[in-house]
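Below: the structure, in C-alpha cells.
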Amino acid sequence: MRYRYVRRKVVLFVITLWAALTLNFLLPRLMPGSPVDAALGKLAAAGVTITNAERTAIEMQLGVPHGSLITQYWQYLTGIAHFNFGVSYSFPNETVAQAIGSAAPWTLVLVGSTTIFAFIIGTLLGVYAGWRRGKAADSVITVGATFFAGFPPFWLGLLALYWLSFKLGWFPIKGGYSPGVTPSLSLSFLADAFDHSILPALALAITSLSGWVFGMRNNMINTLGEDYVTFAEANGLRTRTVALLYAARNALLPNVTAFGLSLGAVVGGAVLVEGVFGYPGLGNLLYIAVSNHDYPLMQALFLVITVSMLVAIFIVDLLYVRLDPRVGQ
Amino acid sequence: MTIVTAAPPPESPGAGVEVRGGPASEAIPTSLLFLGRALRTLWSNRKARVGLCIIGFDILIAICAPLIAPHSPTATTFTPYSGPTATNWLGTTGNGQDVFSQMIYGSRITLMVGLAAGALATLVAVTMGLVAGYRPGPVDEVLSFITNLALVIPGLPLMIILAAYLQGRSIWTIVLVVAFTSWATGARVIRSQATTLRSREYVTAAVFSGERLFRIVFREILPNMTSLVAASFFGAATAAILAEASLEFLGLGNPSTVSWGTILYFAQQQNALLTGQWVLVFAPGLAIALLAVSFTLVNFGVDALSNPRLREKS
Amino acid sequence: MEDFNPLQAAELGGTRLIYEPLEIPSTISGVYTPFLATGYAFTDPTTLVYTIRQSVKWSDGKPFSAADVVFTFNLLKKYPAFDSTGIWSAITAVSASGKDVTFTLKSPDVPFADTIAQVPIVPEHLWASISDPVAYTNDHPVGTGPFTLGQFAPTQYTLKKNPSYWGAATIVPSEVVFPAQSTNQSTNQLEVVAGDYDWSYNYLPDVKQTYVAKDPTHNTYWFPPGGVIGLYLNLTKAPYNDVNFRMGLSEALDRTTIAAKAVNGYMQPASMTGLVLPNLEKWLDPSIPNTGLISQDRSSALADFTKAGYTQQGASLVGPGGVQASMTIVVPVSFSDWLAAGTEVSTELGAIGIKVTLDTPQYAQYSSEIQGGTFDAAIGGYGGTGSPYTDFDQALSSAFAAPVNTPTVNNFERFKDPAADQALAALAAATSPSVQMQATAQLESIMYSQVPVVLMYYGGSWGLFSTKHFTGWPSASDPYTLPTPYNNALLTVITHLKSAP
Numbered sequence: 097m098r099y100r101y102v103r104r105k106v107v108l109f110v111i112t113l114w115a116a117l118t119l120n121f122l123l124p125r126l127m128p129g130s131p132v133d134a135a136l137g138k139l140a141a142a143g144v145t146i147t148n149a150e151r152t153a154i155e156m157q158l159g160v161p162h163g164s165l166i167t168q169y170w171q172y173l174t175g176i177a178h179f180n181f182g183v184s185y186s187f188p189n190e191t192v193a194q195a196i197g198s199a200a201p202w203t204l205v206l207v208g209s210t211t212i213f214a215f216i217i218g219t220l221l222g223v224y225a226g227w228r229r230g231k232a233a234d235s236v237i238t239v240g241a242t243f244f245a246g247f248p249p250f251w252l253g254l255l256a257l258y259w260l261s262f263k264l265g266w267f268p269i270k271g272g273y274s275p276g277v278t279p280s281l282s283l284s285f286l287a288d289a290f291d292h293s294i295l296p297a298l299a300l301a302i303t304s305l306s307g308w309v310f311g312m313r314n315n316m317i318n319t320l321g322e323d324y325v326t327f328a329e330a331n332g333l334r335t336r337t338v339a340l341l342y343a344a345r346n347a348l349l350p351n352v353t354a355f356g357l358s359l360g361a362v363v364g365g366a367v368l369v370e371g372v373f374g375y376p377g378l379g380n381l382l383y384i385a386v387s388n389h390d391y392p393l394m395q396a397l398f399l400v401i402t403v404s405m406l407v408a409i410f411i412v413d414l415l416y417v418r419l420d421p422r423v424g425q
Numbered sequence: 076m077t078i079v080t081a082a083p084p085p086e087s088p089g090a091g092v093e094v095r096g097g098p099a100s101e102a103i104p105t106s107l108l109f110l111g112r113a114l115r116t117l118w119s120n121r122k123a124r125v126g127l128c129i130i131g132f133d134i135l136i137a138i139c140a141p142l143i144a145p146h147s148p149t150a151t152t153f154t155p156y157s158g159p160t161a162t163n164w165l166g167t168t169g170n171g172q173d174v175f176s177q178m179i180y181g182s183r184i185t186l187m188v189g190l191a192a193g194a195l196a197t198l199v200a201v202t203m204g205l206v207a208g209y210r211p212g213p214v215d216e217v218l219s220f221i222t223n224l225a226l227v228i229p230g231l232p233l234m235i236i237l238a239a240y241l242q243g244r245s246i247w248t249i250v251l252v253v254a255f256t257s258w259a260t261g262a263r264v265i266r267s268q269a270t271t272l273r274s275r276e277y278v279t280a281a282v283f284s285g286e287r288l289f290r291i292v293f294r295e296i297l298p299n300m301t302s303l304v305a306a307s308f309f310g311a312a313t314a315a316i317l318a319e320a321s322l323e324f325l326g327l328g329n330p331s332t333v334s335w336g337t338i339l340y341f342a343q344q345q346n347a348l349l350t351g352q353w354v355l356v357f358a359p360g361l362a363i364a365l366l367a368v369s370f371t372l373v374n375f376g377v378d379a380l381s382n383p384r385l386r387e388k389s
Numbered sequence: 263m264e265d266f267n268p269l270q271a272a273e274l275g276g277t278r279l280i281y282e283p284l285e286i287p288s289t290i291s292g293v294y295t296p297f298l299a300t301g302y303a304f305t306d307p308t309t310l311v312y313t314i315r316q317s318v319k320w321s322d323g324k325p326f327s328a329a330d331v332v333f334t335f336n337l338l339k340k341y342p343a344f345d346s347t348g349i350w351s352a353i354t355a356v357s358a359s360g361k362d363v364t365f366t367l368k369s370p371d372v373p374f375a376d377t378i379a380q381v382p383i384v385p386e387h388l389w390a391s392i393s394d395p396v397a398y399t400n401d402h403p404v405g406t407g408p409f410t411l412g413q414f415a416p417t418q419y420t421l422k423k424n425p426s427y428w429g430a431a432t433i434v435p436s437e438v439v440f441p442a443q444s445t446n447q448s449t450n451q452l453e454v455v456a457g458d459y460d461w462s463y464n465y466l467p468d469v470k471q472t473y474v475a476k477d478p479t480h481n482t483y484w485f486p487p488g489g490v491i492g493l494y495l496n497l498t499k500a501p502y503n504d505v506n507f508r509m510g511l512s513e514a515l516d517r518t519t520i521a522a523k524a525v526n527g528y529m530q531p532a533s534m535t536g537l538v539l540p541n542l543e544k545w546l547d548p549s550i551p552n553t554g555l556i557s558q559d560r561s562s563a564l565a566d567f568t569k570a571g572y573t574q575q576g577a578s579l580v581g582p583g584g585v586q587a588s589m590t591i592v593v594p595v596s597f598s599d600w601l602a603a604g605t606e607v608s609t610e611l612g613a614i615g616i617k618v619t620l621d622t623p624q625y626a627q628y629s630s631e632i633q634g635g636t637f638d639a640a641i642g643g644y645g646g647t648g649s650p651y652t653d654f655d656q657a658l659s660s661a662f663a664a665p666v667n668t669p670t671v672n673n674f675e676r677f678k679d680p681a682a683d684q685a686l687a688a689l690a691a692a693t694s695p696s697v698q699m700q701a702t703a704q705l706e707s708i709m710y711s712q713v714p715v716v717l718m719y720y721g722g723s724w725g726l727f728s729t730k731h732f733t734g735w736p737s738a739s740d741p742y743t744l745p746t747p748y749n750n751a752l753l754t755v756i757t758h759l760k761s762a763p
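Protein chains in written order, with our numbering: chain A, 97 to 425; chain B, 76 to 389; chain C, 263 to 763.
The following block contains the structure:
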C-alpha cells in the first residue's frame, strides 16, 4: 500500500513538473511588447537617443527569439535539460544561470532564515495560544498576529526604511552589502551583510508570523479535543506534558505540510520587500525581469521557484508517510 | 505570500462542519436556519464583531464618499508636497491633490476589488471543489491536478506577469488576476469536505431516490459547507486586498484610478519619504492593513462556526 | 557585471573615461571639445578629414595613431552589432594618411560629423586578436582616456587617474567612484540625499528643501532643459491629420500649468519652433512671434476646431456625424512626470469638450504602440541632441515615416512633407553658416505652423552637485554641457573640474 502511495506521488510529481514547465513557457510569451522595446525603453529613460540603427543593433545583441512557438518550446525544453537558460536581456553578457546564481544565495539566506524563524516562533506561539485557549495570553497572541498579518510587508519595509535608515541612520538604506566590498566568507563581510539584511528580514518575518500562529493554534485546539489526549490527561499525565508531547506533535503535522507550501511561495512574497530595499535577491531579479520582458530570466526564475516548491511539497508528502502511519493505508 | 487565512488546513483532523443533514425535502429550511444561526454566531464572536464593524465602517465611508470628502480626489488645485494643514488634513501629493479626500474615495476601489475578487475566487473554488469532490475518478483527478498546479505556481510572481499582460486598463483586470491566482486553497478544502460528505447516508439516500447530480451537489452538499465557503471567501478577500495593494504599488494597476494602492504608488513615485511626508505612506498602508485584519477577524468567527471547539465563551 | 567594452550598448558608464572619441559636441550648444582629434574639416560636403592628436599613448604604453581610428571604424563595419549609430549606413570608406583620417560620406551630410566624432577609439594592437569582440567584456581595459580601471566589485567600481594621459596636467580628480544604482528610484533618491556624492543625476521633488538645505554651502543643482516633452498625435488618423485640429489642441493647452504639474515647475513651457531654448537660441528665427511660445487661447482654439469641422455643443466638442471628439493618450506608467502631464492634458482637453482617456501601459507596450503607429496620441520626448539637424531630422524626415504596423523609432507621428525633406537635405549639405541658418529657419516654421507634434514643456536634465571637493560643474553661468553622467558629457565634465578652494 505504501509503495503504491509513493509511486502515485512520484507520477503526480512528474506530471505536475511537466505542466508547470509548459505553463512557465507560455505565460511570458502571452505578454505584449518585445524585449527589444523594453531594452530601448531603458536606454530612452537613461536619455540615450534611439535610432533605427540602434534598434537593429540591440536586436542583434539581444538575440531575440525567432522561429515558431513549437521551435522555441523545443529549444526551451532541451535548454532546461542542459541547465542552459540562455543569456539575460536585462544583464547582457551574463547568462541567466549566472544572474540567478548570484542572486539566489541572498534570497535563500534572507527569506529562508526569515521563514524558518517565523515558523519556529509562530508555531511555538500557536502551541502556547492553543494550550491557553481563551486566556489573556491567547488573546494577545492571536490579536497581535492577526494585526501584523494584515500589514503589507513592503509597507512595513518603507516605514522602517524611512525612520530607522533615512532619519536615524541606524541601518543602511539599500543593497545587500556595502558598495565596493567583494562578497566573501570573511567575518567583516558577514557582519556587513547581516546589517543590511535586518530591516528586510524584519518586515518579512513580522508579517508572515501570523500564518503559523493561527495554523498551529487551531490544530492544537482540535488535537486537544481528541480522545487520545483526553485519555492521556485522564491517565494523570501533567497538562504541560500532554500539550507538548501529544497534542503539539500531532498538531504539527498539518503545519509541516503548510511549511512546504510556504517555503516555495516565500520568494514571491519577497519581490516587493527586496525591491524596496534594493536587496540583491531573486525577488528583485524577478521584478527586473518582468519589467524588461526578459524571457529567459523570467522563465528560469519561475522555474526555480516552481520547481523548488514542487520538490518541497514532494518531500513533505514523503515525510508525511513517515510521520503519520495512517497515511497511505 | 503569507498565509493569512485562519481556516484550518485541509488535512486538519477537526475541519469537519456540524452536519445537520436530513431528508432531501428538509434541505432548504435547514440551510436557511443554518444561515440565520451563522450570522448570530458570527455576531456573538467578539473578534468577528470587531471585524464586521470595521468592514461596515469602510463600506459606509465608500458609499458616502462624496458627502464626507472635503475636496475632489483628483483636483490638482493645491500646493504640491504640502504637509498636513487645515484644508488638507493629510497633506497633498506631488501633483497637488488632497490626500484625505483620496483616502476617502480610495476605500471604494479597495473594497470593491477585495469583495469582487473574493467572491469570484470563491465561485471558482466552490465549483472546482464540489465537482471534484463529488465526482471521483477521472473528473476528480483532472480537477485536483489543476488545483494542485495552481497551488504550486507562486502567487505574486504569477499575478505580476498576468497583470503586466492584461495591463491594468481597469480595476477589473486586477479583480480577474487576483481571483485567478487565489482560488486553489479554497478549492482544495472544499473538495476534501465534499469527499467526506459524499459518503454520508443522506446523500447516498438522495442518489438512490434518483435526484440529479446538480441538485444533490447544490441542495444536499453545499448547504453543509456554508462556513467553509465563507472562510474561503474571507481568506480570498484578504489576499485580494493585499494583492491589489502590491500590484498597484508596483505600478501594474491603473494609476488614474484613486485607490489606497495607487496612493502608495504615487507616494513612492513622488518620494514622499524624501519630502518628509511619511503620512502619505502611513495612512493608506494602515487602512489596507485594517481592512485585511477585519476580514481575518470575521474569519475567526466563521471558524468558530464551523468548529464548535473554537467557539469562544464570551 | 564587469563590462568595459566601449562599443557595446551595455557597457558600464565609467568606460567613457577610459576610452576617448575624436571630439565631443556639447549637448547644449553643439560646440566641439577635441579629444583624440585636434580638429576636422569638410574638404567637400562628402569628405570629412580629422586631424589626429600626436604623441598620445595607450595606457599600456604603446603609441596611439591614426591607424587605431581606422581599425575601430572598420570593426564597426565588420560587426554591425557595434554600429549602433548607423555609421556605415552614412559612410562608404575610411582611410588614414599620416596624421589625417578621411571619411567618405555617401551623400552630403555635414551634421553627421557629430556621430562620427563620438565613436570611442579602441587599440588595434589588442583588439585585432580578439575572436569575438561583440561578446568581449574587456575586464582589463586599455584606453587613451584620463582614467584607468582601479578596483572592481559587483556594486561599485573605481577608476584611477591615468598618469600618462596626454592632458594629465589638467585632470584634477585622482579617483572616480561609481556605486551601482538600485532599480528602485526612490531608494536611490534617499541615498543621494543621505550620502556623500560629488555629482549625481536625479530628479528630486522640492530640491531646495530636500537637497540644497542638507548642506547649503556646498549642495547646488542645475536643471537645464535637455529636450522637449510633447503630445504626439498619430497623423495617419483623423482628425489628427488635419492641421487645424492639431492647432486647436495646441492652443487649448495651458503649458505653464502642465509644466508645473509635471516637473514641479522646474521647467518652462516649450517653444513650438522645435528648438530647445535657451540652449539653441542662436538658431532661433527672429520672425517667429514670441520665440515660438503658444499660450492658452480658448476662443482661437475653438475657431481652429471649427475649421476642422468640430464645434462646441454644450460641454462637448462635436465633429462630423454628431460624434464627440475623443482621444486616447498613451503614457508609460513608470514615467511619473509624463503621467502627471498626461493627467493635466486630459483635464484641460476635457474642459474644452474632448473625451480623453489615459492609457498607461508598461514602457515596452507603450513603445510598441507608438513605434507601430497604432496609437491616437502619446506623451513622448523630442530633441535634446544639441544639434538642430538631428532634432528636426528625427521628428520630420519622411524617411522614418514607416507604414502603420511597421515599427519606426523616429518620426512615429509619421509626418510627411516634401518641403521638410528638402529643408533637411539642404541643412545636411550646408557648410556655410548662412545656408544652415536659412534651412533651420524653414524647419522651425514647419514645426511652428504645421504642428507635427504639440510640444509642451522642456524635459529636464537633473544635475545635483556638491562643491565640497570640486568646482567647475556645468551651471547656468557656465553651460558647457548637460549635467548627464551617463553619456559623453561625463568625460567633458570630469575634464573640466577644478579643486575646491
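Just so it is clear, CB atoms sit at the ideal spot from N, CA and C, and this is done for glycine as well.
Keep in mind the model is a prediction, meaning the values are calculated, not measured.
Under the three-state reduction of DSSP, which class applies to residue i: helix, strand or coil?
i, result
"F267 of chain A", "coil"
"Q172 of chain B", "coil"
"M529 of chain C", "coil"
"K324 of chain C", "coil"
"F247 of chain A", "coil"
"I591 of chain C", "strand"
"V490 of chain C", "strand"
Within the continuous alpha helix (DSSP H) that includes residue i, where are the two ends?
i, result
"Q413 of chain C", "Here Q413 of chain C belongs to no alpha helix (DSSP H); instead the beta strand (DSSP E) covers F409 to A415."
"A639 of chain C", "From DSSP, A639 of chain C is part of no alpha helix (DSSP H) but of the beta strand (DSSP E) over A639 to Y644."
"W170 of chain A", "L165 to A177"
For residue i, which residues in chain C fall below 8 Å Cβ to Cβ?
i, result
"T278 of chain A", "A415 and P416"
Find the residues of chain A that neighbour residue i, judging by a C-beta separation of less than 7 Å, and give them in chain order.
i, result
"L140 of chain B", "First, the amino acid is wrong: residue 140 of chain B is Ala here, not Leu. Within 7 Å Cβ-Cβ: nothing; A140 of chain B doesn't reach chain A, min ~22 Å."
"N446 of chain C", "G371, V372 and G374"
Along the chain, where does the beta strand (DSSP E) containing residue i start, and where does it finish?
i, result
"M699 of chain C", "Element bounds for M699 of chain C: not the beta strand (DSSP E) but the alpha helix (DSSP H), P695 to Q712."
"S426 of chain C", "Looking at the DSSP string, S426 of chain C is not in any beta strand (DSSP E), and its letter there is neither H nor E."
"S359 of chain C", "I353 to S359"
"D621 of chain C", "K617 to D621"
"G126 of chain B", "No beta strand (DSSP E) holds G126 of chain B; the alpha helix (DSSP H) holding it covers R121 to I138."
Per DSSP, residue i is paired with what?
i, result
"P287 of chain C", "C:Y294"
"T364 of chain C", "C:V311 and C:S357"
By the criterion of Cβ-Cβ separation under 7 Å, what are the contact partners of residue i in chain B?
i, result
"L173 of chain A", "What L173 of chain A touches in chain B: nothing, since even the nearest Cβ is about 18 Å away."
"N180 of chain A", "What N180 of chain A touches in chain B: nothing, since even the nearest Cβ is about 22 Å away."
Report the CB separation of residue i from residue j in whole angstroms; it is logged as a contact under 8 Å.
i, j, result
"S696 of chain C", "V434 of chain C", "Going by Cβ atoms, the distance from S696 of chain C to V434 of chain C rounds to 40 Å, so no, they are not a contact pair."
"I550 of chain C", "A603 of chain C", "So it is not a contact: roughly 24 Å between Cβ atoms."
"F409 of chain C", "I286 of chain C", "Rounded, the Cβ-Cβ distance is 16 Å, inconsistent with contact."
"L705 of chain C", "A685 of chain C", "5 Å"
"F662 of chain C", "T482 of chain C", "Going by Cβ atoms, the distance from F662 of chain C to T482 of chain C rounds to 39 Å, so no, they are not a contact pair."
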